[in-house]
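A.B. asks: Note that numbering that gives the first Met the number 0 numbers the sequence shown so that position 32 is 31, with each residue one more than the last.
Quick reminder that beta carbons are idealized off the backbone N, C-alpha and C, glycines included.
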Amino acid sequence: MKIDFSDKVVLITGATRGIGRQIADDMEECGASLLLVGSDQKRADELNVDAEKRKLRRRYYAANFTNGTAVEELIDEICSSNRVDACINNAGINKLNSIDEIKNENWDDIISVNLQAPMIITRRVSQGMKERRYGRIVNISSIFGTISKAKRSLYSVSKFGLRGLTVASALDLAPYNVLVNTVSPGFVQTELTERILKKDEMEQLALQVPLGRFSRPEEISKAVLFLASDLNTYITAHNLVVDGGYVNV
Ligand SMILES: NC(=O)c1ccc[n+]([C@@H]2O[C@H](COP(=O)([O-])OP(=O)(O)OC[C@H]3O[C@@H](n4cnc5c(N)ncnc54)[C@H](OP(=O)(O)O)[C@@H]3O)[C@@H](O)[C@H]2O)c1
0 MKIDFSDKVV LITGATRGIG RQIADDMEEC GASLLLVGSD QKRADELNVD
50 AEKRKLRRRY YAANFTNGTA VEELIDEICS SNRVDACINN AGINKLNSID
100 EIKNENWDDI ISVNLQAPMI ITRRVSQGMK ERRYGRIVNI SSIFGTISKA
150 KRSLYSVSKF GLRGLTVASA LDLAPYNVLV NTVSPGFVQT ELTERILKKD
200 EMEQLALQVP LGRFSRPEEI SKAVLFLASD LNTYITAHNL VVDGGYVNV
């Protein structure tokens, strides 16, 4: 038994760094053709030149997900000229604020990127999936979509919401063999983590994880690949927590 994406086209958002880039590399190794989205057009152009040189089966696109219209236009352009078999809504941002420090513009940005964009993308990609009676959608939430911690109001609202979107859309799409699930990582060693946590904070948190360390992006990617693959035929509306045991302590 092996994970095979050789006849599959996979769309991945937030694919230029961290967890998303790892999922892209692993999917490609398993045979997928990739449609990859980041926030910056110049970077997408550079990555396309590099991908062509290296004969990779991937094409990069860009849209700033804080702008709902830009997301809508991009996903429409992608779906008008490509079949999408699996979609990984991974792009995400975090900003630590206690409840009294939250600014309305921070709320708008986090909700737009972490929650509105996955809704817009799911709404569009699921049209073709429904017609073909096949689709896999994986939304990347977080342990802070199940539990929370001080200064995580904004992030938790978006990630709890993403789990709600997962469950509700899984029920809408189940009759069409479109399976929708959430993967909820714990603490992962990526640029996002390094931007918001100091080194000593990371060491303290690692001590609270039963497995004693942060995860590597590939440990999240493996869970995503399974749920997005043909090996998954009966799991939908599920939340797969990949956190080294943290939420159970
Ligand atoms: N790292 C963790 O410990 C952790 C834990 C739990 C859940 N997660 C979740 O996992 C996902 C990936 O996290 P990560 O750690 O890999 O993050 P990361 O290294 O910061 O990468 C974030 C990705 O999202 C894209 N992105 C950010 N803002 C965007 C915007 N306005 N418009 C479009 N794309 C945008 C970035 O594109 P550009 O490069 O073009 O900016 C990048 O590809 C996120 O949803 C995050 O909430 C992470």
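1) Check each candidate in D229, N105, S140 and name the one with the smallest Cα separation from Y133.
2) Return the first residue and the last residue of the beta strand (DSSP E) that G134 is part of.
3) With a CB to CB cut of under 6 Å and the five nearest residues on each side skipped, what residues in its chain are close to G19?
4) Contact defined as beta carbons within less than 8 Å: I believe L239 pairs with V182. What is the distance between those atoms, to the nearest angstrom?
5) Buried or exposed for P117, going by 16 or more other Cβ atoms inside 10 Å?
6) With a CB to CB cut of under 7 Å and the five nearest residues on each side skipped, what residues in its chain are close to N270?
7) Within 10 angstroms of the Cβ of Y233, are there 16 or more other Cβ atoms? Answer buried if so, exposed if not.
8) Inspect the beta-carbon positions of Q21 and E190 and report whether they are closer than 7 Å.
9) Pick helix, strand or coil for L170, following the three-state DSSP scheme.
10) For S97, which residues in the same chain have their Cβ closer than 8 Å to its Cβ, ignoring the five residues on either side in sequence?
11) Tell whether a beta-carbon distance below 7 Å holds between L73 and V137.
12) For T145 versus V70, is the C-beta distance shorter than 7 Å?
C.D. replies: Put simply:
1) Counted from its first residue, the sequence shown places residue 133 at position 134. The shortest C-alpha separation from Y133 is found at D229.
2) Residue 134 sits at position 135 when you count from the first residue of the sequence shown. Membership of G134 in the beta strand (DSSP E) is indicated by the continuous run 134-139.
3) Within the sequence shown, numbered from 1, the residue matching residue 19 stands at position 20. Cβ within range, chain order: I11, G13, N89.
4) Here the question's residue 239 lines up with position 240 in the sequence shown. Here the question's residue 182 lines up with position 183 in the sequence shown. With a Cβ gap of about 5 Å, L239 and V182 count as contacting.
5) As a first step, residue 117 must be located in the sequence shown, where it is residue number 118. Label assigned to P117: buried.
6) Outside the displayed range of the chain (0 to 248) lies residue 270, so it cannot be described from this structure.
7) In the sequence shown, counting from the first residue as 1, residue 233 sits at position 234. Y233 should be labelled exposed.
8) Counting from one through the sequence shown, the residue named residue 21 turns up at place 22. Counting from one through the sequence shown, the residue named residue 190 turns up at place 191. No. Outside cutoff.
9) Within the sequence shown, residue 170 is the residue found at index 171, counting from 1. Under the three-state reduction of DSSP output, L170 falls in the helix class.
10) Against the sequence shown, residue 97 aligns to sequence position 98. Cβ-Cβ distances below 8 Å link S97 to A149, K150, S152 in the same chain, with the five nearest sequence neighbours on each side left out; the list follows chain order.
11) One-based indexing of the sequence shown puts residue 73 at position 74. One-based indexing of the sequence shown puts residue 137 at position 138. At a Cβ-Cβ threshold of 7 Å, L73 and V137 do not count as neighbours.
12) Counting from 1 along the sequence shown, the entry for residue 145 is found at position 146. Counting from 1 along the sequence shown, the entry for residue 70 is found at position 71. Not closer than 7 Å, so no.
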